[in-house]
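Number of protein chains: 2
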Amino acid sequence: MNIGEASKASGVSTKMIRYYESIGLISAPLRTESGYRVYSDNEVHGLRFISRARDLGFSVEQMGDLLALWRDRSRASADVKSIALEHIRVLDEKAKALKAMSDTLRHLADNCHGDGRPDCPIIEGFAQAAPTSVKKRQPRFGVTDIAPDRSHA
Amino acid sequence: MNIGEASKASGVSTKMIRYYESIGLISAPLRTESGYRVYSDNEVHGLRFISRARDLGFSVEQMGDLLALWRDRSRASADVKSIALEHIRVLDEKAKALKAMSDTLRHLADNCHGDGRPDCPIIEGFAQAAPTSVKKRQPRFGVTDIAPDRSHA
DNA sequence: GGTAACGCTTCCAACGATGGGAAGGTCAAG
DNA sequence: CTTGACCTTCCCATCGTTGGAAGCGTTACC
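Protein chains in written order, with this note's numbering: chain A, 80 to 232; chain B, 80 to 232.
The following block contains the structure:
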């Protein structure tokens, strides 16, 4: 299989496959005489593994750890589980933070007429008081924190 | 007030204040003869506004819109509300996506012994089946999608 | 044998928000 | 006058992913 086929079979774009190879997440595949990358079923399997881990929000670094465990037949499932549990914790924390923002905003929005008049609890809520006790910023989410919508493919 | 004081008073780092100025989110403040930025109470107020909007996950672009509305005394609260509602929708969507990931992973983890043995439903879950029907990737969250932890300040 | 579709490489850029640091100027207090 | 805390500008890095361009080789099909 060449890279295009491997991409289709795994759900990882050719760009990303080459990128993962460049950063050492996956090893360099064999090449044809003419230089084309050739992927074995096993390698495609690994790409699918990556695709799935990625969809669950694992970082490239974590995917590296998981791949190593995947390939290690003498792994301890405890090691896998601990990575997973830590990731779950992070995911839940993020979700909680998002929900808190949403709730705060919802509360403000519920009290906003939403008509042609200028008075608005939302704007006022941003403008007034609560000098945020200055430091110790909370982790934040921006609109773009969700990965750029690759779904326009 | 110089930039350091304005930063402390608003909760926006000096780096970010300069950055917001550079991208035109805020206008350039007056300078002393020696080139130091000087912030009025009003400008600090604006920075606090930004700080709060940012904590609710608004993007810089949206903050620009909100700031414009804030300064526009003839604004329609409906305009503010619509930005807020749209943002709430996005926040909820992200939270939902995170929760779905967490749940999937939790399910796998619950079935993992987590001991010294190698068999692990998590790894197996990643490795097997579900070729992701190839394309149309979902928006994803990576570990780093949560803003880098600035709280080590 | 031509052509289109794919592949190759390298490099460069961007996204968003933020931090880090270097190299230098300024200001206040001792 | 020195010291230290502040300010200035400028560039670089992060994180994951995508895009593009340039320039050329290969493969498959008609």
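Note that beta-carbon positions come from the ideal geometry of N, C-alpha and C, so glycine has one too.
Under DSSP, the beta-bridge partners assigned to A/V117 are A/L109. Remark: fewer than three beta-carbon pairs, one from each stretch, lie closer than 8 Å, so the region 153 to 162 of chain B and the region 110 to 124 of chain A are not flagged as touching.
One finds D134, L135, G136 and L170 in chain A with Cβ atoms closer than 8 Å to the Cβ of B/M180, taken in chain order. Residues of chain A with a Cβ closer than 7 Å to the Cβ of B/D198 are, in chain order, S156. Chain-order list of chain A residues neighbouring B/G83: empty, with the shortest C-beta distance near 12 Å, by a criterion of under 9 Å.
For A/Q141, the uninterrupted alpha helix (DSSP H) segment begins and ends at V139 to R150. Out of A/M95, A/R168 and A/L184, the CA that lies nearest to the CA of B/M180 is found in A/R168. Comparing alpha-carbon positions, the option among A/R116, A/R97 and A/L104 lying closest to A/D144 turns out to be A/L104. A/S161 belongs to the set of residues whose beta carbon lies under 9 Å from a beta carbon in chain B.
DSSP places A/A206 within a helical segment (H, G or I) once states are collapsed to three. Think of a sphere of 7 Å around the beta carbon of A/S153: the chain B residues whose beta carbon falls inside it are P197, in chain order. Taking a Cβ-Cβ threshold of 9 Å, the residues of chain A close to B/L145 are I201, I202 and F205, in chain order. Residue nearest to A/G83 within the set A/Y118, A/A163 and A/F128 is A/Y118 (criterion: CA-CA distance).
Taking the beta carbon of A/T183 as reference, the chain B residues within 7 Å of it are L135, listed in sequence order. Contact of A/R97 with chain B by beta-carbon distance below 7 Å is absent, the smallest such distance being about 17 Å. For A/L184, the enclosing alpha helix (DSSP H) begins and ends at S156 to D189.
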